[in-house]
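The structure appears below as structure tokens.
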Amino acid sequence: AELGPYLVIKGKSLNAFGALYGVQSVLLLGMLWWMALTLTEAVCKKTGWDEDRLFHDWVGKTWSRVNMAVGGCAPSVVKGTENLPPPEQAALYVSNHASWFDIPLVAQIIPNSFKFIAAAELKGLPLVGQQLVDGKHVLLDRSSRRGQLTSFKESVAYLKRGISIFAFPEGTRSRSGKMIPFKGGVFSMAVKAGVPIVPISINGAFETYPSSAILPLLPNSENLKVVVHPPIDIEG
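Once you know that position 120 of the sequence shown is 120 in full-length UniProt numbering, the rest is easy, because the numbers rise by one and skip nothing.
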């Protein structure tokens with residue numbers, strides 16, 4: 001597809017579609033996201049309600065769905081939803097990772113509340129950091145063995161309490177769009193907690209929003225596909 005004229009800012013591309021997406025989906029809808037998160041967190045702190053911040057998860061999932069739909073980037077094909085465990089069943093969800101779009105994609109596909117395992121440095125990003133910190137997601141300090149162990153224990157504790165976890169086994173975004181070797185330890189969480197592993201495949205996100213872009217370069221154009229594969233029973 002044609003990208004049209006585009007700018008390169010600090011090595012990252014931005015075209016007209018990305019600029020429009022930024023205005024309507026990031027700035028305008030982002031303000032609503034910020035307001036919803038801020039109000040929800042204020043209520044939680046004031047009343048002691050929702051200790052695990054599951055309503056924060058609902059806010060993030062709703063924003064993800066609306067944001068991608070309004071921006072013309074909703075997935076055109078979603079297959080295998082019958083493989084999703086029931087909402088009350090905790091599971092370890094895993095997926096390939098080649099685009100920032102992977103995060104809102106899985107957020108709207110998975111039916112129940114869940115916590116991301118995210119790099120600790122992401123907490124400094126506007127809105128995304130607020131969602132991760134206030135929502136009590138698992139922030140992984142990749143620079144130390146102790147930080148990794150702490151995140152592992154936190155994730156297992158969530159799973160044992162019936163709250164699902166989502167992780168990218170590659171540990172980071174692929175810069176080429178191709179899968180890179182998995183990091184060890186992720187799947188051990190499911191074994192430790194006794195929950196199934198649910199693999200998810202994402203196709204087309206890299207073409208729509210590659211690592212070389214500031215914002216999406218293309219609308220969906222029937223490229224974006226998500227497939228939920230049958231759960232893997234770790235006892236089987």
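For each residue, glycine too, the CB sits at the ideal point set by N, CA and C.
The beta carbon of PRO219 sits closer than 7 Å to the beta carbons of PHE17, GLY72, CYS73 from its chain, once the five residues preceding and following it are set aside; these are given in chain order. Here the alpha carbon of ASP50 sits roughly 6 Å from the alpha carbon of CYS44. Looking at the backbone, the Cα of GLY124 and that of ALA69 are separated by about 26 Å. Cα atoms of GLY22 and LEU217: separation of roughly 11 Å, rounded to the nearest angstrom.
Boundaries of the alpha helix (DSSP H) harbouring ILE109: 102-109, taken from the DSSP string. The C-beta separation of ALA119 from SER64 comes to about 19 Å, leaving the pair out of contact by the 8 Å criterion. Residue burial annotation: ASP57 is buried, with at least 16 other C-beta atoms found within 10 angstroms of its C-beta. When ASP102, GLN130, PRO5 are compared, the shortest CA-CA separation from GLU170 is found for ASP102. Inclusion of ILE234 and PRO196 in the CB contact set at 8 Å is warranted, their separation being smaller than that value.
The continuous stretches of alpha helix (DSSP H) do not include ALA118, which lies in the beta strand (DSSP E) extending over residues 114-119.
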